[in-house]
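Worksheet: the structure to be examined is printed underneath.
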Amino acid sequence: MHSFQSFTADMMECSPFDKIGKEWMLVTAGNEEKVNTMTASWGGMGVMWGKNAAFIVIRQSRYTKEFIDKEGTFSLSFLGEKHRNMLKYLGTVSGRTEDKIKEAGVEINYQNGVPYVDQANLVLICRAMSATELKPEEFLDSEIDEKWYADKDYHTLYIAEITDFLAR
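Heads up: the sequence shown begins at 1 in the UniProt record's numbering, then just goes up one per residue.
Put into structure tokens, the structure is as follows:
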């Protein structure tokens, strides 16, 4: 496998709509001792507070959320269509109940102490700048709560600075 190379934000030539919404991504957080990852298909990229930023939402019940809250950093790994089955598995099994990283054959590597999935072709290393709990009284569209939160497992919105862009 070829090693990753750093690049700058202005070299990024992909659609976040395709990368996140169609291809999906793995949100990975933790440290050298313990790591968890989860599949996500909601989020975005842009500029916030003068920094290149990623926006992700993690439900309160997700194990990965504990790692993000503890470490304050995470990665977004984009693996592409050939890893669709791995992404489906990592999105349905909890790391609380089994070693899903090992079971899925995921290889973890680190960039400045932040874990990422080594099978990726694009990785964004992120440092959380804010965490906002989404609440039903804040939804301006009345359908959101009923359609997406019937179980009342609301998301936390993280806005994070992208500190490193890595690609093969």
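Where a beta carbon is used, it is the ideal one built from N, C-alpha and C, also for glycine.
Given the structure is predicted, the values throughout are model-derived calculations rather than measurements.
Among the options, nearest to residue i - alpha-carbon criterion
i, options, result
"N31", "M45, T64, T39, M48", "T64"
"K22", "D145, K82, T37", "K82"
"F4", "K34, N109, A54", "N109"
"L166", "I125, E143, D145", "I125"
"K51", "A128, F139, L157", "A128"
"L134", "M45, I56, D18", "I56"
7 Å Cβ cutoff met for residue i and residue j
i, j, result
"M25", "I159", "no"
"S75", "V123", "yes"
"Y154", "T28", "no"
"T156", "I20", "no"
"A54", "I144", "no"
Per DSSP, the bridge partner or partners of residue i
i, result
"P115", "Y110"
"H83", "For H83, which the question treats as bridged, DSSP gives no partner whatsoever."
"R127", "T73, E161"
"V27", "M38, L76"
"V156", "Residue identity check: residue 156 is Thr in the sequence provided, not Val. Answer by DSSP bridge pairing, in chain order: I58, E133."
"L122", "F78, A167"
Exercise. Mind listing, in chain order, the continuous beta strand (DSSP E) runs of no fewer than 3 residues lying wholly within the stretch 35-77?
Key: Listed in chain order, they are 35-40, 43-48, 51-59.
Exercise. Inspect the CB distances between the stretch 116-130 and the stretch 71-90 and report whether three or more fall short of 8 Å.
Key: Cβ pair count under 8 Å is three or more, so yes.
Quiz item: For the 8 Å Cβ check, are there 3 or more pairs between the stretch 83-100 and the stretch 33-52?
Solution: Yes, they touch.
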